[in-house]
Amino acid sequence: MAEIKSTMDMVLERAARMAGEHEGEGVSGDDILKEGMRAGAAFMRGEESSLGGLVAARPEKERVDFLKGAAKSLLRNIILPRDEEQLKNAELAMNGLVQLSQGNRDLLAVFGDLKKILDQYMQHRVQAKEQLEAAFAQQMAQMEGALAKQTGRSMKLKPNQHPKFNEEWQRVLNELNSQYGRAVDQHKQLVENFLSGQG
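Using the working numbering, read the sequence shown as starting at 218 and increasing by one per residue.
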């Protein structure tokens, strides 16, 4: 029994030594990256207002990973907006990234360009839909006339009720998304590259 106890003591001592060794190592880079991502998400939810302060409060060796995580989380929110809400989210994410970059002039110029791209996309999207609706309006008038003859009642049809409208709109939207998406991705990559080298 004494042998078993001494073996058990040895195992416990070894476990205590290992725990002591890991204690000095601190938190892993992946854990710090995830903390940064959570901080970025909290900023987007309005729960955190000073990302720059959070980075500055980190120990020097953890700042780069924390900053990368926060930037990654914020960059995910910069997408081609379908509506004003998504545009506001993208702008909020850019504000967080400005904090992370400490107001760097080069990045401010990138964010200015990115904001223009997102605004132009929204404008172009609205114009393209209006043009498509106008193109289908004439065909809809002909369909209304044919239906009135068949049913004896006049009906008002919208262009988006045309069988080919959604198919054509999707084609136009795919072109816009491809064109503007590449520009947005390039700008996001510039931001990510800059922030990866900072800390």
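Even glycine gets a Cβ: it sits at the ideal position worked out from N, Cα and C.
| query | result |
| --- | --- |
| Any non-hydrogen atom of the ligand FMN closer than 7 Å to His404 Cβ | In terms of ligand content, the structure shown is empty, and the ligand FMN therefore cannot be addressed. |
| Lys305 (DSSP reduced to helix, strand or coil) | helix |
| Ser266 versus Gln356 - alpha carbon distance | 53 Å |
| Beta-carbon contacts of Gly257 that lie in its chain and below 6 Å, excluding the five residues immediately before and after | Ala287, Ser290, Leu291 |
| Spatial distance of Arg276 from Leu324 (CA atoms) | Note that residue 276 corresponds to Pro in the displayed sequence, not to Arg. Answer to the nearest angstrom: the Cα atoms are 25 Å apart. |
| Integer Cβ distance of Ala307 from Leu335, believed to fall under 8 Å | 6 Å |
| The alpha helix (DSSP H) enclosing Ser413, as first and last residue numbers | 382-413 |
| 7 Å CB neighbourhood of Ala354 in its chain, flanking five on each side removed | Pro376 |
| Among Ala259, Glu264, Lys278, nearest to Ile249 - alpha-carbon criterion | Lys278 |
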